[in-house]
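**Student:** Going letter by letter, the sequence shown gives residues 55 to 137 in this note's numbering.
Note that the Cβ used here is the ideal one computed from N, Cα and C, for glycine as well.
Predicted, not measured: the structure shown is a model, and the values here were computed from it.
Handing you this structure, nothing more for now.
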Amino acid sequence: MDEQWGYVGAKSRQRWLFYAYDRMRRTVVAHVFGERTLATLERLLELLSVFDVVIWMTDGWPLYESRLKGKLHVISKRLHSAH
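Put into structure tokens, the structure is as follows:
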């Protein structure tokens, strides 16, 4: 999972794209737009709940760590961005 930001009209109007990339299928399997908040992350995790995710790879943003406790969670920019 990762997130990236952009803006609409002015940089003060940031919008975030949260997405989940399946390295085996080489495709984005879910995405949501919103603020960089727990609520937006929860929306993405809800979309991913239908998949049997075995390994979660993220960049170590603290909200990822808090929501993925107890799961196989790999924190690495190198592994995460290798798509």
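From the DSSP output, read off the bridge partner residues of PHE105.
**Tutor:** Answer by DSSP bridge pairing: none, since PHE105 is not bridged.
**Student:** I believe TYR61 touches ARG69 by the beta-carbon criterion, under 8 Å. Please report the beta-carbon distance rounded to the nearest angstrom.
**Tutor:** 7 Å
**Student:** Using a 10 Å radius around the Cβ and a threshold of 16 neighbouring Cβ atoms, would you call PHE72 buried or exposed?
**Tutor:** buried
**Student:** At the level of alpha carbons, what is the spacing between LEU126 and ARG97?
**Tutor:** If I take the Cα positions, the gap works out to 20 Å.
**Student:** Going straight from the alpha carbon of GLU87 to that of ARG67, what length do you get?
**Tutor:** Sequence inspection shows Phe at residue 87; the Glu mentioned does not correspond to that position. Whole-angstrom Cα-Cα distance: 13 Å.
**Student:** Starting from GLU57, trace the beta strand (DSSP E) both ways and give me its first and last residue.
**Tutor:** 56 to 62
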